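Numbering (our numbering), first residue to last: 1410 to 1719. Structure first, commentary second.
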Ligand code: SF4
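Okay, here's the thing in structure tokens:
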């Protein structure tokens, strides 16, 4: 069988998951929501129907090949071009990954299908589940997440609570804040009450530091975001990477060294880190910034990701 589709992407640097190898198991852009801040683009297929979207063996073969080439990652992350729980083979895929490697598995999900027992059972096979909660009431949910007509905030929260009861792994809840939409004191208080009901292990605050589906989406500045983090309590931390907003003039000298190194030859993160004597997470930050700026690209060689600049 000729298998043209590539299901894996990266590894890409991720603030929360370290070096994260993505597995994309739904077609672009299939989702239960159409969030105004979506960084992938507008939802073209808004659905709640789970389907077999991939050939499971092909996904696992691709992973086996990459691992045999020496690929390493901190997490294998099921995410990609839409809502991954829409893929009814999710559980099979995680089972298959677990048979091949010890690398922990994360699922990034908007959480809207967790009312479905089989979706909860599939997600429970992962080590970490990263669901979303961006609203404290139905009106705000409609505004920011633009859900499929059969989804309500109430159902979303019920699903998240049921999952918490059943899942002993880590739940890192992401709250994405858009200035003027879900940021007033009343909304934050409602979100806080819901978070207390769900009881996630961590709460991650994010905002629009990358291009979004709708142009008028406003990010919260770092200070305000930090203030909300304090309000939401101890388990809450800011994960929005404001480093992505630096303009070239203000980026530190170390970043310039990274760029000139990548102009000379493609380098892996380890090459950058040992070559310049900087920490790997710092190298990741710089490389991510330059990728966002479109000046650095990746190439795969023998299972290792190399970064290069023209
Ligand atoms: S849930 Fe995720 S993929 Fe779906 S529209 Fe929202 S941000 Fe985009």
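We treat Cβ as the ideally placed atom computed from N, Cα and C, and that holds for glycine. If you're wondering where the values come from, they're calculated on a predicted model, not measured in any experiment.
Shortest alpha-carbon distance to residue i belongs to which of the options?
| i | options | result |
| --- | --- | --- |
| residue 1698 | 1418, 1417 and 1424 | 1424 |
| residue 1679 | 1446, 1482 and 1451 | 1482 |
| residue 1420 | 1664, 1436, 1598 and 1486 | 1486 |
| residue 1579 | 1710, 1696, 1426 and 1492 | 1426 |
| residue 1627 | 1584, 1583 and 1590 | 1590 |
| residue 1394 | 1719, 1713, 1717 and 1718 | A query on residue 1394 cannot be resolved here, the shown segment of the chain reaching from 1410 to 1719 and no further. |
| residue 1539 | 1581, 1450 and 1451 | 1581 |
| residue 1417 | 1490, 1441 and 1560 | 1490 |
| residue 1498 | 1671, 1663, 1468 and 1439 | 1468 |
| residue 1665 | 1525, 1603, 1629 and 1705 | 1705 |
| residue 1605 | 1552, 1673, 1632 and 1567 | 1567 |
| residue 1630 | 1529, 1588 and 1594 | 1588 |
| residue 1465 | 1583, 1528, 1432 and 1611 | 1432 |
| residue 1674 | 1703, 1707, 1695 and 1526 | 1707 |
State the beta-bridge partners of residue i as determined by DSSP.
| i | result |
| --- | --- |
| residue 1384 | For the chain, the structure presents residues 1410 to 1719; residue 1384 sits outside this window and is missing. |
| residue 1579 | 1537 |
| residue 1616 | 1586 |
| residue 1496 | 1460 |
| residue 1624 | Answer is none; residue 1624 lacks a bridge partner. |
| residue 1422 | 1428 |
| residue 1647 | 1614 |
Please state the DSSP three-state secondary structure of residue i.
| i | result |
| --- | --- |
| residue 1411 | In this prediction, residue 1411 scores a pLDDT of 37, lower than 50, which makes its location untrustworthy; the coordinate-derived value is nonetheless stated afterwards. Coil at residue 1411, not helix or strand. |
| residue 1707 | strand |
| residue 1460 | strand |
| residue 1549 | helix |
| residue 1468 | helix |
| residue 1444 | coil |
| residue 1717 | strand |
| residue 1679 | helix |
| residue 1417 | strand |
| residue 1641 | helix |
| residue 1594 | helix |
| residue 1672 | helix |
| residue 1655 | With a pLDDT of only 44 at residue 1655, under the threshold of 50, the placement of this residue in the model should not be trusted, and no figure is reported. |
| residue 1482 | coil |
| residue 1636 | helix |
| residue 1487 | strand |
| residue 1433 | strand |
| residue 1428 | strand |
| residue 1515 | strand |
| residue 1527 | helix |
| residue 1693 | helix |
| residue 1700 | helix |
| residue 1544 | coil |
| residue 1602 | helix |
| residue 1629 | coil |
| residue 1520 | coil |
Please list, in chain order, all residues of the same chain as residue i whose beta carbon is under 7 angstroms from its beta carbon, the five residues on each side excluded.
| i | result |
| --- | --- |
| residue 1692 | 1667, 1678, 1681 and 1682 |
| residue 1562 | 1544, 1546, 1547 and 1550 |
| residue 1599 | 1545 and 1546 |
| residue 1463 | 1416, 1434, 1496 and 1498 |
| residue 1647 | 1614, 1634, 1635 and 1638 |
| residue 1671 | 1705, 1716, 1717 and 1718 |
For residue i, collect the residues of the same chain with a Cβ closer than 6 angstroms to its Cβ; drop the 5 residues on either side in sequence, then sort them by chain order.
| i | result |
| --- | --- |
| residue 1709 | none |
| residue 1601 | 1641 |
| residue 1501 | 1465 |
Let me see if you follow: with CB-CB separation under 8 angstroms, is residue i close to chain B or not?
| i | result |
| --- | --- |
| residue 1512 | This model lacks chain B altogether, as it is built from one protein chain only. |
Looking only at its own chain, which residues have a Cβ that is under 8 angstroms from the Cβ of residue i, when we skip the five neighbours before and after it?
| i | result |
| --- | --- |
| residue 1480 | 1420, 1430, 1712 and 1713 |
| residue 1560 | 1441, 1442, 1457 and 1521 |
| residue 1656 | Confidence at residue 1656 is low in this model, with a pLDDT of 45, below 50, so its placement is unreliable and no value can be given for it. |
| residue 1610 | 1579, 1580, 1581 and 1644 |
Can you find at least 3 beta carbon pairs, one from the stretch 1518 to 1535 and one from the stretch 1557 to 1575, that sit closer than 8 angstroms?
A contact is defined here as three or more CB-CB pairs under 8 angstroms, and the stretch 1518 to 1535 meets this definition with respect to the stretch 1557 to 1575.
Okay, do the stretch 1540 to 1548 and the stretch 1453 to 1468 touch, 3+ Cβ pairs below 8 angstroms being the bar?
no
Could you check whether the stretch 1641 to 1648 touches the stretch 1473 to 1482, counting it as contact only if at least three pairs of C-beta atoms, one from each stretch, sit closer than 8 angstroms?
no
Three or more C-beta pairs closer than 8 angstroms, one from the stretch 1442 to 1454 and one from the stretch 1617 to 1636: is that the case here?
Yes, the stretch 1442 to 1454 touches the stretch 1617 to 1636.
Are at least three pairs of beta-carbons, each pair with one atom in the stretch 1493 to 1510 and one in the stretch 1552 to 1569, less than 8 angstroms apart?
no
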